[in-house]
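In my numbering, the protein residues as written are 661 to 1237.
Where is the CB? At the ideal position from N, CA and C, for every residue including glycine.
In this text the structure is predicted, and so the values were computed from the model without any measurement.
Encoded as structure tokens, the structure appears first; notes follow it.
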RNA sequence: CGGGGUGUGGCUCAGCUUGGUUAGAGCACCGGUUUUGGGAACCGGGGGUCGGAGGUUCGAAUCCUCUCACCCCGACCA
């Protein structure tokens, strides 16, 4: 590829709209351009990176016998109505009507469509298992698209679906996919971690996310400093302390005028927040739930959703309090609380002699104990864990928190979709059974952003060689001088014929501009040809990642550069997987 | 959805508070000359009607109203 004809409009300054480094550098390096909020065009170099990641994915999918297909982005509403998701998905689904007023959606995902295709063709257990995948555009009308390619409304996703005859078979498909994902992200040069995750709207019980570790990540994960436990914040939990050995005391009401928040009560009464239990009132449907949780903790609403069996709930708002005169805002407590579903975080069970609201204005109760002063019917894990909490898996470990970008998510779905759609096969025993399904996604365009978040410096992008738009860039300082042109062209041709992806900067521009662009775009290897080259007989080579500079004699340059390319390729090794 | 912010040549921004010459700068672009090892210098040139609509005014980028787009924060933690 010749720079003189390449469409890569690089920018000296970051457009004001970009906040995070991947967004800034993708724009500055001329790899993407914005069309609307959360909607981007890939320019030639950006597309090359996307394609490189796609091809790694294809190779690894093929390796586990997944087969590629391509489904339409435009999907009829009927299928979505069968699984009720037409109604559940809400405004996040892009909807439209055709000329006959029929409802359609731009697919946010493809479970319905793939199930429909497979159920019409696959009738027997003999045809199972089967895993199909596609790499395609998805549409999600996000509440708040942001950070360039990290959270877009239109984005590229690899989605795969397995159809299995049994749970054991599903686990095999799932495990295969897990190892394929590990290989894919390793080959992309990511530092990542697989974590236990919540399934959300997709459904199913078992799921794991693949998180690229980066400060700009939107998600928080927790992992153990001792064992291999790792989980997303949505599901991360902790081992409870041993029950307190304190002697149970008699509860009593104390005056706490104008002391409503945990902070206020804590300092007013001189007790730590860990000795206070707060009572949060949630409204779901037309019912109320009181959630008990330790004073220094926050409720994990993902977990609460599981307990309440609904996603549609919120903390009681200012005006809604007026509808419930028995509830005293700021002083609600579990003792004597009526007409409200009481759910307690399991950590309350190990607490003794704690403080709660007294259900009277300006009063709290101290020395309260479960069993003595009130009963709990529903225990659940409802808290957001904190760094330093005890690991739930091993005895010794403590949890560490980190920020991550979710680039992959795998699910054991079970029969949610097959049952809803009547998607059955005939098993060995002659019985009709619903397929047992798994689904497996990779955010391909998001992975492009994640790679940059993890690999950049103040000059620009530092692509891992496996996903770089070109592996080598030849910078010719004076392409209009015959001796430099000759050397550069011969190296360009030689590397090309060895299968190296090589670009040549043959523009008539100042040296500074060419160096700056090469660093910005992030080619892993820069080959510099200038007047010095011709006089010294040596070609200078710079490794972008380390800044290391090497000199190769002219007559061996192509060969040595080729060896360097192979060395960098092999450094992103699969041996760890 | 709520809150905050920003819209001025391709990009980054100044001008707006306190309306008043022809709307500015740097970068980018075009032509020319000299340059070419870390975003070159000089000379000359083109390009905007100030997001959009309406209003106030003798006069609006500047004031008012509405609207659109984009960016950020938050999902009421008692």
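Query	Result
Simplified DSSP assignment, three categories, for residue 668	coil
Inter-residue Cα distance where the pair is residue 869 and residue 1202	36 Å
Residue span of the beta strand (DSSP E) that contains residue 852, given as start and end	852-856
Residue 1155 and residue 1184 closer than 8 Å at C-beta	no
Rounded Cβ spacing between residue 1100 and residue 1085 (contact assumed at less than 8 Å)	Actually they do not touch by this definition, with Cβ atoms about 20 Å apart.
Residue 1213 - partner residues in DSSP beta bridges	1198
Rounded C-alpha distance that separates residue 791 from residue 882	31 Å
Other residues of its chain near residue 1021: CB distance less than 7 Å, five sequence neighbours each side excluded	988 and 991
Residue 683 (DSSP reduced to helix, strand or coil)	helix
Residue 1029 (DSSP reduced to helix, strand or coil)	coil
Terminal residues of the alpha helix (DSSP H) in which residue 746 lies	745-748
C-beta contact flag for residue 834 and residue 1098 at 8 Å	yes
Under the three-state DSSP convention, the category residue 872 falls into	strand
Cβ-heavy atom distance, residue 814 to the ligand SAM, below 7 Å	With respect to the ligand SAM, the structure offers nothing, as it holds no ligand at all.
Within the stretch 1151-1196, ranges of the alpha helix (DSSP H) (whole runs, at least 4 residues)	1171-1181 and 1191-1196
C-alpha gap between residue 994 and residue 1031, whole angstroms	12 Å
Cβ-Cβ distance between residue 896 and residue 1045 below 8 Å	yes
Sequence-distant residues of the same chain with beta carbon closer than 6 Å to residue 894, five excluded per side	858 and 962
Cβ pair residue 1005, residue 954 closer than 8 Å	yes
Alpha helix (DSSP H) runs contained entirely in the stretch 775-816, provided each spans 4 or more residues	none
Through-space distance from residue 728 to residue 822, alpha-carbon basis	12 Å
Under the three-state DSSP convention, the category residue 954 falls into	strand
Residue 887 to residue 899 span [Cα, whole Å]	14 Å
Buried versus exposed, by CB contacts within 10 Å (16 or more), residue 671	exposed
Residue 1078: first and last residue of the uninterrupted alpha helix (DSSP H) it sits in	1076-1081
Short Cβ contact (8 Å threshold) for residue 972 with residue 942	no
Exposure label - residue 697; buried when at least 16 CB within 10 Å	exposed
Residue 706: first and last residue of the uninterrupted alpha helix (DSSP H) it sits in	704-723
Rounded distance between the beta-carbons of residue 1166 and residue 664, thought under 8 Å	5 Å
Candidates 804, 1036 and 1049: closest to residue 1061 by CA position	1049
Nearest-angstrom Cα separation, counted from residue 1205 out to residue 1043	41 Å
Option in 724, 668 and 779 with minimal Cα separation from residue 1092	779
Simplified DSSP state of residue 939, which is helix, strand or coil	strand
Nonlocal neighbours in the same chain, by C-beta distance under 7 Å from residue 1052, ignoring five residues either side	889, 897, 898 and 899
Contact under 8 Å by Cβ, residue 1148 with residue 1134	yes
CB contact flag (residue 753, residue 801, <8 Å)	yes
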